[in-house]
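See structure below.
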Amino acid sequence: MNGVATIPNVISLFRLLAVPLTLWLLLEQAFTTAFWLFLVASFSDGVDGFIAKRLNSRTTLGAYLDPIADKALLMGVYIVLGLEGHLPMWLVTLAVFRDAVIVGGAMVFQGLTNQLRMQPLLSGKLNTLAQILLAGFVLAGLGLELPVAALTELLIYFVAVSILFSGGCYLVVWSQRAAESEE
19 MNGVATIPNV ISLFRLLAVP LTLWLLLEQA FTTAFWLFLV ASFSDGVDGF
69 IAKRLNSRTT LGAYLDPIAD KALLMGVYIV LGLEGHLPMW LVTLAVFRDA
119 VIVGGAMVFQ GLTNQLRMQP LLSGKLNTLA QILLAGFVLA GLGLELPVAA
169 LTELLIYFVA VSILFSGGCY LVVWSQRAAE SEE
C-alpha cells in the first residue's frame with residue numbers, strides 16, 4: 019500500500035507532533051500533563067503497528083516515520099529528564115549513543131549498498147519498550163506522585179543492559195549485512 023494518509027501514518031505523525039509539546043511540558047514542570055501525553059503517545063506506538071499489520075496498511079513512509087517518531091519522543095524525554103536530574107546522565111548518554119550508532123550504521127549501510135530495509139530487531143523493540151516503561155515510571159512518580167523510586171532504580175539498570183544488548187545486536191546484523199553485500 020502506498021497511501022501516505024493511512025491511519026498508522028497519521029498516528030505516527032501525531033506522536034511526532036506530540037514531542038515538542040511533551041518536552042515543553044516537562045521543562046515547565048507540568049509533569050502530570052506531560053505524563054498523560056507521554057502515555058498516549060507511547061500507547062499510540064503499539065496501536066499504529068497493530069493497525070498497520072491488521073489492515074495490511076504498511077507503507078514505506080510508515081517504515082521510516084514510526085521509528086523517527088519513537089526516537090524523537092524517547093530521546094527528547096530522556097534528554098530533558100537527564101538534564102533536569104530525573105534520570106542519570108550516563109544512561110541518557112548511553113541511550114543517545116546507541117541510537118546515533120544505529121542511525122549512523124543505517125546511513126553507512128545505505129551509502130555502501132543502496133539496500134537499506136527498515137526492519138527493527140526484536141531486541142530493539144524490547145529496548146524501546148523498556149525505555150518507555152522507565153520514562154513512564156519516572157513521569158508517574160513526578161506527575162502523579164506515585165512511590166516508584168525503587169522500581170525506577172531497577173529499571174534504570176535493566177534499560178542500560180537492554181541498550182547494550184540491543185545495540186550489540188544491531189552492530190552484528192549491520193556487519194553481517196555489509197559483509198553479505200560485498201560478496
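Residue numbers for the sequence shown follow this note's numbering, so the first one is 19 and each next one is one higher.
All C-beta atoms in this analysis are idealised placements derived from N, C-alpha and C, irrespective of residue type, glycine included.
Note to self: So, does the region 95 to 112 touch the region 37 to 50, judging by three or more C-beta pairs under 8 angstroms?
What the structure shows: yes
Checklist line | N145, DSSP secondary structure in three states | finding: By one-based count along the sequence shown, residue 145 stands at place 127. Note: N145 maps to helix in three-state DSSP.
Check: From L57 to L35, what does the alpha carbon distance come to, in whole angstroms?
Finding: On the sequence shown, residue 57 is found 39 positions in, with the first residue counted as 1. On the sequence shown, residue 35 is found 17 positions in, with the first residue counted as 1. Rounded to whole angstroms, L57 to L35 spans 14 angstroms at the Cα level.
Checklist line | Own chain, CB closer than 6 angstroms to Y188, minus 5 neighbours either side, in chain order | finding: For the purposes of this step, residue 188 is taken as the residue at position 170 of the sequence shown. Around Y188: I120.
Notebook entry, point to check: Is it true that the region 145 to 154 meets the region 85 to 101, where meeting means three or more beta-carbon pairs spaced less than 8 angstroms apart?
Noted result: yes
Checklist line | Alpha-carbon spacing of Q137 relative to P165, whole angstroms | finding: Position 119 of the sequence shown, counting from 1, holds the residue named residue 137. Position 147 of the sequence shown, counting from 1, holds the residue named residue 165. Cα to Cα, the separation comes out at about 37 angstroms.
Next item on the list: Give the DSSP-derived three-state secondary structure of G159 in the structure shown.
Entry: As a first step, residue 159 is located in the sequence shown; it is residue number 141 there, counting from the start. G159: helix per DSSP, three-state reduction.
Note to self: I'd like the list of long-range same chain contacts for V114, defined as Cβ closer than 8 angstroms, with 5 residues on each side in sequence excluded.
What the structure shows: For this step, residue 114 is matched to residue 96 along the sequence shown. The residues are M93, Y96 and I97.
Checklist line | N- and C-terminal bounds of the alpha helix (DSSP H) containing T24 | finding: Position 6 of the sequence shown, counting from 1, holds the residue named residue 24. T24 -> no alpha helix (DSSP H), and no H or E assigned at all.
Checklist line | Buried versus exposed call for A197 [16 or more other C-beta atoms within 10 Å across all chains shown] | finding: Here residue 197 refers to the residue found at position 179 of the sequence shown. By the neighbour-count rule (16 or more Cβ atoms within 10 Å), A197 is not buried but exposed.
Item checked: Which listed residue (V37, N27 and R195) has its alpha carbon closest to that of A124 -> The residue you call residue 124 lines up with position 106 of the sequence shown. Closest option to A124, Cα to Cα, is R195.
Next item on the list: Please report the residue range of the alpha helix (DSSP H) in which S60 lies.
Entry: Numbered from its first residue, the sequence shown carries residue 60 at position 42. Residues F49 to R72.
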